[in-house]
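Trainee: Input: one structure, supplied below.
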Amino acid sequence: MENGPERFEGRKLGILVTDGSDAGILKALKAALDKAGATFEIIAPKVTGAKASDGSWIDADQMIDGGPSVLYDAVALLPAADAMGDLLLESSARDFLADAFAHCKFIGYVDAALPLFEKAGIASDDFDEGCISIASAKAAKSFVDGLAKLRVWEREPHVKMP
Amino acid sequence: MAKTTKSTRVTARTVTIHDQKLERGEGGELHQTASGKASVLTTAQGGPVSDDQNSLKVGPRGPTLLEDFHFREKIFHFDHERIPERVVHARGYAAHGFFETYKSLAKYTKADLFQRAGEKTPAFVRFSTVAGSKGSVDLARDVRGFAVKLYTQEGNWDIVGNNIPVFFIQDAIKFPDLIHAVKEEPDSAFPQAQSAHDNFWDFISLTPESMHMVMWVMSDRAIPRSFRFMEGFGVHTFRLVNTKNESTFVKFHWKPKLGLQSVVWNEAVKINGADPDFHRRDLWTAIKTGNFPEWELQLQLFDQDFADKFEFDVLDPTKIIPEEILPPVPVGRLVLDRMPDNFFAETEQVAFMTQNVPPGIDFSNDPLLQGRNFSYLDTQLKRLGSPNFTHIPINAPKCPFAHFQQDGHMAMRNPIGRVNYQPNSFGEGPRESPQRGFTPFPEVVEGEKRRLRAESFADHYSQARQFFISQTAGEQSHIAAALTFELSKVKIPAIRERMVSHLLNIDETLASKVADNSACRRCRNLPMQPCPRVRISILPQP
Ligand code: HEM
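Dropping the structure here:
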């Protein structure tokens with residue numbers, strides 16, 4: 001940990017999308033990751049992918065069951081409000097977030113994802129500096145810049161008994 | 163008599179399966195036949211094969227004929243596909259690359275690869291876990307092997323290291339015991355790839371020399387995020403020897419360019435289910451997408467005088483020389499830029515051996531290293547099956563070589579010509595070279611022949627403690643959690659208590675935390691005695 005690299009280069013972000021995910025935010029994330037020398041995988045309810053807000057198609061790398069958050073260094077939640085009904089039924093989506101939180105990972109989210117936090121047992125006053133709103137392309141970029149820290153170790157005492 | 167037919171396939175019809183056109187045989191089986199670009203399937207003897215879907219029978223429903231040489235050869239070969247897995251470090255993954263020398267180290271060593279700045283030496287590196295079998299998971303809590311083969315112009319040099327700078331034991335004679343204890347228990351054959359069981363901790367709790375290593379193995383280093391984010395260490399003290407036959411002691415360190423990174427235990431457990439090949443996939447993907455992992459080789463260099471003054475014995479592989487006392491100097495970089503074309507041919511058949519050193523690199527008397535120098539050659543005969551394992555391309559030197567070794571199973575190249583011995587009067591064949599050949603550093607050694615552990619090896623706790631207190635609060639709590647978890651899987655309370663008695667010598671807070679959380683109901687109340695710090699004198703055995 002101490003000898004940590006303070007860079008996200010060579011690391012991987014897991015991006016959870018649904019139909020209707022914001023294409024602009026996704027684009028900003030990808031560009032920032034590319035600049036950082038990092039990679040990403042797209043996780044969607046179905047492996048075929050999802051249709052973004054602007055009608056473009058997002059190819060998925062994993063369906064939600066096949067891409068648990070343990071496979072990524074940090075996660076971004078980009079679901080659209082309309083898709084939340086289904087996502088809240090899916091325990092893998094809940095685990096995706098609950099594990100990312102428990103493993104002290106950075107979590108970027110759009111407002112539509114907030115109900116998933118509740119489902120994952122993360123109350124609003126549990127939110128810490130590692131839970132970052134990425135409501136705009138600009139916010140998405142600064143989220144990626146902050147990933148260099150790799151983990152939010154300050155969270156650990158709150159998710160693990162002494 | 164069965165009706166004779168001209169061809170095995172009586173009537174073949176073309177069928178389409180989604181996007182593929184094939185032929186269909188009598189029994190509905192599908193045949194893909196050679197045409198266009200596809201080459202003709204042959205036996206291993208080169209004979210073309212007409213039908214690879216049906217064995218030769220008497221009539222369509224009759225018995226299979228012994229004369230079907232294609233069938234017999236195919237099954238025979240398949241039956242013998244497996245070779246024994248490595249007795250340790252069975253699960254591993256490797257890549258090709260190169261080592262680039264920053265600047266000449268001629269002052270310290272005559273090793274050819276260190277003479278010229280910018281020199282690139284081909285390399286093959288295999289990462290591994292220690293305890294699990296070949297098919298075990300990547301995120302076991304375990305030491306990682308970090309074995310580097312450098313194909314130098316004066317022979318292969320293998321730095322067979324780990325991602326932790328110390329080891330469990332001080333003398334190679336204990337290695338079989340250590341490995342037996344950590345591997346699955348012999349009666350139940352479980353647990354697989356886990357140190358969290360009675361036998362391991364029983365052995366450890368009776369092996370105080372392992373305590374420093376135990377601190378490292380319980381730290382985050384034992385659950386790395388990726389092979390790319392690990393350090394590597396040669397562990398032992400070696401020697402560099404220059405053309406004037408002067409020796410400098412050396413320890414080898416590999417520092418990852420992208421830094422160190424680990425996962426947390428709860429995550430590791432889940433990764434093992436979600437992607438048991440997590441580390442393999444990570445290395446494969448990185449290299450295949452042009453993100454070549456890189457390490458810097460750094461050396462800790464010191465002389466006899468430093469060794470004499472250092473508070474621990476530099477021949478003791480359970481000790482480090484702290485980098486604050488002796489900063490390592492960068493001497494080159496290792497880049498991995500190509501995955502093997504075939505896993506078995508290269509990664510499985512590669513044979514690393516500590517005794518592979520070129521002129522200019524030499525051993526120290528570290529009794530663990532001395533024993534390894536026997537073991538690694540010996541084990542290859544079992545695993546690869548022939549003394550000719552150096553003929554396998556991944557093990558063959560990439561420099562000119564010549565010797566009179568011949569014959570044996572699977573000899574690929576024998577000496578050519580009349581002469582296969584030396585001296586000879588025909589003027590043929592290679593000859594020894596006192597100038598270029600490997601000459602050991604002429605260290606003066608004397609003493610009584612005895613089975614004796616040096617007293618200078620007897621402090622088993624100081625560096626364990628130093629390591630523990632050097633960790634951040636978060637890292638310390640990971641160590642406590644790891645010990646708690648491991649001991650929670652130990653059924654026999656006395657073993658857990660014994661471990662706590664060692665921890666008391668390392669750090670009292672750690673000891674009481676582990677005792678409290680897992681170790682035992684009894685030692686919560688009992689005033690625990692730390693176990694004796696220094697070895698009580700045991701008479702040497704003849
Ligand atoms: C500092 C202590 C040690 C280190 C760093 C170490 C490291 C390694 C590594 C990295 C490998 C895997 C090589 C590969 O990737 O193919 C390995 C394999 C092996 N080690 Fe060690 N080891 C140590 C101690 C020992 C000792 C004391 C012995 C025996 C006396 C031993 C015997 C073996 C054997 C037999 C193999 C299997 C080799 C093969 O089948 O190719 N090791 N060791």
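If you read the sequences in order, they're chains B and F.
Using the numbering used here, read the first sequence as starting at 1 and increasing by one per residue.
Using the numbering used here, read the second sequence as starting at 163 and increasing by one per residue.
Where is the CB? At the ideal position from N, CA and C, for every residue including glycine.
1. Quick one: complete alpha helix (DSSP H) runs, 4+ long, within the segment 294-342 of chain F?
2. Which stretch, first to last residue, makes up the beta strand (DSSP E) that contains residue 152 of chain F?
3. Run the CB neighbour count on residue 699 of chain F, radius 10 Å, all protein chains shown included, and call it buried at 16 or more, exposed below.
4. Which residues does DSSP list as the beta-bridge partners of residue 484 of chain F?
5. Assuming residue 97 of chain B contacts residue 116 of chain B under a Cβ cut-off of 8 Å, what Cβ separation, rounded to an integer in Å, is found between them?
6. Is residue 334 of chain F near the ligand HEM, judged by its Cβ being under 6 Å from some heavy atom?
7. Along chain F, in chain order, which residues have C-beta atoms closer than 7 Å to that of residue 153 of chain B?
8. With three or more C-beta pairs closer than 8 Å as the rule, is the segment 265-277 of chain F touching the segment 402-420 of chain F?
9. Select from the segment 452-474 of chain F all residues with a C-beta closer than 7 Å to any C-beta belonging to chain B, and list them in chain order.
10. Check whether the segment 471-488 of chain F touches the segment 522-536 of chain F, taking contact to mean three or more Cβ pairs, one atom from each stretch, closer than 8 Å.
11. What does the Cβ neighbour count give for residue 270 of chain F, buried or exposed, with the cut at 16 atoms within 10 Å?
12. Evaluate contact between the segment 319-326 of chain F and the segment 511-518 of chain F, counting only Cβ atoms and requiring at least three cross-stretch pairs below 8 Å.
13. Indicate the three-state DSSP secondary structure (helix, strand or coil) for residue 250 of chain F in the structure shown.
14. Take residue 482 of chain F and list the residues in its own chain whose beta-carbon comes closer than 7 Å to its own, dropping the five residues that flank it on each side.
15. So the beta strand (DSSP E) residue 53 of chain B belongs to, where does it begin and stop?
16. So, does the segment 665-682 of chain F touch the segment 449-464 of chain F, judging by three or more C-beta pairs under 8 Å?
17. Which of the three DSSP states is assigned to residue 524 of chain F in this structure?
18. What did DSSP end up calling residue 144 of chain B once you bin it into helix, strand or coil?
19. Could you round the C-beta distance between residue 290 of chain F and residue 254 of chain F to whole angstroms and report it? I think they count as a contact, below 8 Å.
20. Among B/65, B/136, B/7, B/78, which one has its Cα closest to the Cα of residue 37 of chain B?
21. Rounding to the nearest angstrom, what Cα-Cα distance links residue 2 of chain B and residue 242 of chain F in this structure?
22. Thinking just about the alpha-carbon of each residue, which of B/43, B/76, B/84, B/23 is nearest to the one in residue 53 of chain B?
23. Please work out which residues of its chain come closer than 6 Å, Cβ to Cβ, to residue 147 of chain B, disregarding the five sequence neighbours upstream and downstream, and give them in chain order.
24. Bridge partners of residue 29 of chain B, per DSSP?
25. Helix or strand or just coil, what does DSSP make of residue 176 of chain F?
26. Report the option in F/223, F/486, F/564 whose CA atom is closest to the CA atom of residue 576 of chain F.
27. What number of angstroms, rounded off, separates the C-alpha of residue 446 of chain F from the C-alpha of residue 61 of chain B?
28. Could you tell me whether the Cβ of residue 426 of chain F comes closer than 7 Å to any Cβ of chain B?
29. Applying a beta-carbon distance threshold of less than 7 Å, which residues of chain F neighbour residue 102 of chain B?
30. How about residue 437 of chain F: is its C-beta nearer than 7 Å to some C-beta of chain B?
31. Measuring only the C-alpha atoms, how far is residue 540 of chain F from residue 218 of chain F?
32. Less than 7 Å between CB atoms is the rule here; does residue 85 of chain B satisfy it with respect to chain F?
33. By how many angstroms is the C-alpha of residue 44 of chain B removed from the C-alpha of residue 72 of chain B?
34. Please name the residue in B/67, B/29, B/158 whose C-alpha comes closest to that of residue 133 of chain B.
35. Can you tell me which residues form a DSSP beta bridge with residue 460 of chain F?
36. What are the start and end residues of the beta strand (DSSP E) that includes residue 659 of chain F?
Mentor: Judging by the given coordinates:
1. none
2. The question about residue 152 of chain F has no answer, for chain F in this structure spans 163 to 704.
3. Translated into positions along the second sequence, residue 699 of chain F becomes position 537. Annotation note: pLDDT 37 at residue 699 of chain F (below 50); position unreliable, coordinate value reported separately. By the neighbour-count rule (16 or more Cβ atoms within 10 Å), residue 699 of chain F is not buried but exposed.
4. Translated into the one-based positions of the second sequence, residue 484 of chain F becomes position 322. Partner(s): none; residue 484 of chain F has no beta bridge.
5. Counted from its first residue, the first sequence places residue 97 of chain B at position 97. Counted from its first residue, the first sequence places residue 116 of chain B at position 116. That pair is a contact at about 5 Å.
6. As a working note, residue 334 of chain F is residue 172 in the second sequence. Yes.
7. Counted from its first residue, the first sequence places residue 153 of chain B at position 153. What residue 153 of chain B touches in chain F: 636.
8. yes
9. 453
10. yes
11. Position 108 of the second sequence holds residue 270 of chain F. Classification for residue 270 of chain F: buried.
12. yes
13. As a position in the second sequence, residue 250 of chain F is number 88, starting the count at 1. If DSSP states are grouped into helix, strand and coil, residue 250 of chain F belongs with coil.
14. Taking the first residue of the second sequence as position 1, residue 482 of chain F is located at position 320. Excluding residues within five positions, the ones whose Cβ falls inside 7 Å are 327, 328, 625.
15. Locating residue 53 of chain B in the first sequence gives position 53, where the first residue counts as 1. Careful: residue 53 of chain B lies outside any beta strand (DSSP E) and carries neither H nor E.
16. no
17. Along the second sequence, read from residue 1 onward, the residue named residue 524 of chain F stands at position 362. Strand, per DSSP.
18. To locate residue 144 of chain B, count along the first sequence from 1; it is residue 144. It is helical.
19. Within the second sequence, residue 290 of chain F is the residue found at index 128, counting from 1. Within the second sequence, residue 254 of chain F is the residue found at index 92, counting from 1. With 8 Å as the limit, residue 290 of chain F and residue 254 of chain F qualify as a contact, their Cβ atoms being about 3 Å apart.
20. Looking up residue 37 of chain B in the first sequence gives position 37. It is B/7 whose Cα lies nearest to the Cα of residue 37 of chain B.
21. Translated into positions along the first sequence, residue 2 of chain B becomes position 2. Translated into positions along the second sequence, residue 242 of chain F becomes position 80. Per-residue confidence for residue 2 of chain B stands at a pLDDT of 49, beneath the threshold of 50, marking its modelled position as unreliable; the derived number appears in the next sentence. For residue 2 of chain B and residue 242 of chain F, the distance between alpha carbons rounds to 48 Å.
22. Here residue 53 of chain B refers to the residue found at position 53 of the first sequence. Nearest of B/43, B/76, B/84, B/23 to residue 53 of chain B, Cα basis: B/23.
23. Counting from 1 along the first sequence, the entry for residue 147 of chain B is found at position 147. If we look at residue 147 of chain B and ignore the five residues flanking it on each side, its Cβ neighbours are 8, 74, 106.
24. Residue numbering aside, residue 29 of chain B sits at position 29 when the first sequence is read from its first letter. None; residue 29 of chain B has no bridge partner.
25. By 1-based counting over the second sequence, the position of residue 176 of chain F is 14. Strand, per DSSP.
26. Numbered from 1 along the second sequence, position 414 holds the residue referred to as residue 576 of chain F. Taking only the C-alpha atoms, the option nearest residue 576 of chain F is F/564.
27. As a first step, residue 446 of chain F must be located in the second sequence, where it is residue number 284. As a first step, residue 61 of chain B must be located in the first sequence, where it is residue number 61. Roughly 16 Å separates the two Cα atoms.
28. Here residue 426 of chain F refers to the residue found at position 264 when the second sequence is read from its first residue. Yes, residue 426 of chain F lies at the interface with chain B (some Cβ there is under 7 Å from its Cβ).
29. Counted from its first residue, the first sequence places residue 102 of chain B at position 102. Within 7 Å Cβ-Cβ: 428.
30. Position 275 of the second sequence holds residue 437 of chain F. At least one chain B Cβ lies under 7 Å of residue 437 of chain F.
31. Here the question's residue 540 of chain F lines up with position 378 in the second sequence. Here the question's residue 218 of chain F lines up with position 56 in the second sequence. Taking the straight line from one Cα to the other gives about 44 Å.
32. Against the first sequence, residue 85 of chain B aligns to sequence position 85. Not one chain F Cβ lies under 7 Å of residue 85 of chain B.
33. As a working mapping, residue 72 of chain B is identified with position 72 in the first sequence. As a working mapping, residue 44 of chain B is identified with position 44 in the first sequence. Each residue's Cα considered, the two are about 15 Å apart.
34. Looking up residue 133 of chain B in the first sequence gives position 133. Closest option to residue 133 of chain B, Cα to Cα, is B/29.
35. In the second sequence, counting from the first residue as 1, residue 460 of chain F sits at position 298. Answer by DSSP bridge pairing, in chain order: F/415, F/492.
36. Position 497 of the second sequence, counted from the start, is the residue given in the question as residue 659 of chain F. Element bounds for residue 659 of chain F: not the beta strand (DSSP E) but the alpha helix (DSSP H), 655-665.
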